[in-house]
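Trainee: Chains as they are written, first to last, in the numbering used here: chain A, -8 to 133; chain B, -8 to 133. So that we are looking at the same thing, I have put the structure below in structure tokens.
Protein chains: 2
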Amino acid sequence: MQTLDQQVTQRLAASGVRYTAARRAVVQALAAADGPRSANELFSTLDVPLSSLYRSLAVLEEAGVLTPHHGIRGVTRYELAEWAAGHHHHVICGSCGTVDDIHLDEMIEGQLERLVAEITAALSFSPTGHALEVEGRCASCL
Amino acid sequence: MQTLDQQVTQRLAASGVRYTAARRAVVQALAAADGPRSANELFSTLDVPLSSLYRSLAVLEEAGVLTPHHGIRGVTRYELAEWAAGHHHHVICGSCGTVDDIHLDEMIEGQLERLVAEITAALSFSPTGHALEVEGRCASCL
DNA sequence: GCTGAAAATGAGAATCGTTCCTAACATGAT
DNA sequence: ATCATGTTAGGAACGATTCTCATTTTCAGC
């Protein structure tokens, strides 16, 4: 079992890029968060210039370390990829755009997986993943 | 059983706005499409000024006729709301951003519904809907 | 420990989708 | 016909993101 940093280092090396301090800060901030975060949200936490932040996010996405999540008002939030964060789903507030992770218990997740398999079996489309999103209002927007 | 136009007229009346030619064109274009469409995509089809188009989309969303779908690069695509288009899900190409509708058969949809009910039962969050999105590559991006 | 090429950075300008503003234009109720 | 209100076109403004480029950092090979 390797640490997250070791795994990220390997992934970045495979893309021929370095695991610098700014990139490390981004990965650690996202690892500590309990949902996807936008560039601006990270910016207000991290003391990394915005332009560098956007570049780091792009590099990390390209290397398969982060996955983007497109929300309201053109805001893209990033989270650790599935191999790092574990497979999970999202609860999204339609009002403020906040996204929280939810992990389904194995039984339910298994059912969902079977469902997706049935759906994609009939399509001429090569699926790479699936996402179940529950929409509603979060506690602070009610 | 009323026509779509009649139903939309009622919804807009409830919001105190008119069902004008431009709005009718938007609704009909989306009814004919087999997936969500962005303002730009509609613009290239409809001969409605972009600013009016955006306003029409906002009005129709506000009235509950359309629902937005946020895609890559900050592009928002709209589709008819569930009451008009029927409940369905999406297949999304991670490369070009194209979104296509998929309708699940009743048995599968019922399973999914039960799944979502189980998930939300444990959350202090008032759900308004759910979406299952299958990600992958479309035929033209392979 | 140096050195040079490649990679990464920071600051600001530029771009893109989208929203807001304003003045001119319809429409329906009175 | 008149008035209040809804609607429009066009363009300015906006926020998120990307680009540019000069500078700095990193690291393999000496």
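Note that the Cβ used here is the ideal one computed from N, Cα and C, for glycine as well. As the structure is a computational prediction, the values presented were derived from the model and not from experiment.
1. How long is the line joining the alpha carbons of residue 3 of chain B and residue 103 of chain A, rounded to whole angstroms?
2. Going along the chain, which residues of the segment 59 to 76 of chain A sit with their C-beta nearer than 7 angstroms to a C-beta in chain B?
3. Can you pull the chain A neighbours of residue 142 of chain B, defined as C-beta to C-beta under 7 angstroms?
4. Identify whether residue 66 of chain A lies in helix, strand or coil by the three-state DSSP scheme.
5. For a minimum of 3 consecutive residues, which ranges assigned as the beta strand (DSSP E) are wholly contained in the segment 88 to 118 of chain A?
6. Just curious, the beta strand (DSSP E) that residue 0 of chain A is in, first and last residue?
7. Which residue or residues does DSSP assign as beta-bridge partners of residue 127 of chain B?
8. Determine contact between the segment 75 to 84 of chain A and the segment 28 to 46 of chain A, defined as no fewer than three beta-carbon pairs at a distance below 8 angstroms.
9. Quick one: which unbroken alpha helix (DSSP H) runs of 4-plus residues sit fully inside the segment 4 to 70 of chain B? Chain order, please.
10. With a threshold of 6 angstroms on Cβ separation, who are the neighbours of residue 54 of chain B within its own chain once the five nearest residues in sequence on each side are excluded?
11. Between the alpha carbons of residue 17 of chain B and residue 44 of chain B, how many angstroms are there, rounded?
12. Should residue 40 of chain B go down as buried or exposed, given a rule of 16 or more other Cβ atoms within 10 Å for buried?
13. I'd like to know whether the C-beta atoms of residue 13 of chain B and residue 47 of chain B end up nearer to each other than 7 angstroms.
14. So, helix, strand or coil for residue 76 of chain B, using DSSP?
15. Exposed or buried, what is residue 68 of chain B when buried is set at 16 or more other beta-carbons lying within 10 Å of its beta-carbon?
16. Could you compute how far the alpha carbon of residue 75 of chain B sits from the alpha carbon of residue 119 of chain A?
17. For a contact defined as C-beta to C-beta under 9 angstroms, what are the partners of residue 118 of chain A on chain B?
Mentor: Quick answer:
1. Counted from its first residue, the second sequence places residue 3 of chain B at position 12. Counted from its first residue, the first sequence places residue 103 of chain A at position 112. Rounded to whole angstroms, the separation of the alpha carbons of residue 103 of chain A and residue 3 of chain B is 37 angstroms.
2. Of all residues in the segment 59 to 76 of chain A, the ones placed with a Cβ closer than 7 angstroms to any Cβ belonging to chain B are 61, 62, 63, 65, in chain order.
3. Outside the displayed span of chain B (-8 to 133) sits residue 142 of chain B, for which this structure offers no information.
4. Numbered from its first residue, the first sequence carries residue 66 of chain A at position 75. Of the three classes helix, strand and coil, the one that applies to residue 66 of chain A here is coil, per DSSP.
5. 90 to 93
6. In the first sequence, counting from the first residue as 1, residue 0 of chain A sits at position 9. It is not in any beta strand (DSSP E) - residue 0 of chain A instead sits in the alpha helix (DSSP H) that spans -5 to 5.
7. Counting from 1 along the second sequence, the entry for residue 127 of chain B is found at position 136. A:118, B:84.
8. no
9. 12 to 23, 30 to 37, 41 to 53
10. Translated into positions along the second sequence, residue 54 of chain B becomes position 63. Cβ neighbours of residue 54 of chain B beyond the five flanking positions: 2, 3, 6.
11. In the second sequence, residue 17 of chain B corresponds to position 26, counting from 1. In the second sequence, residue 44 of chain B corresponds to position 53, counting from 1. Spanning the alpha carbons of residue 17 of chain B and residue 44 of chain B requires a straight line of approximately 8 angstroms.
12. Translated into the one-based positions of the second sequence, residue 40 of chain B becomes position 49. By the 10 Å Cβ count, residue 40 of chain B comes out exposed.
13. What you label residue 13 of chain B is simply residue 22 of the second sequence in a count that begins at 1. What you label residue 47 of chain B is simply residue 56 of the second sequence in a count that begins at 1. Contact: yes.
14. Residue mapping note: residue 76 of chain B aligns to position 85 of the second sequence, counting from 1. Looking at residue 76 of chain B - three-state DSSP - the assignment turns out to be helix.
15. Within the second sequence, residue 68 of chain B is the residue found at index 77, counting from 1. Classification of residue 68 of chain B: buried, given that the 10 Å Cβ count is 16 or more.
16. The residue you call residue 75 of chain B lines up with position 84 of the second sequence. The residue you call residue 119 of chain A lines up with position 128 of the first sequence. Spanning the two alpha carbons is a distance of roughly 30 angstroms.
17. Sequence index remark: in the first sequence, residue 118 of chain A carries index 127 (1-based). In chain order: 82, 125, 126, 127, 128.
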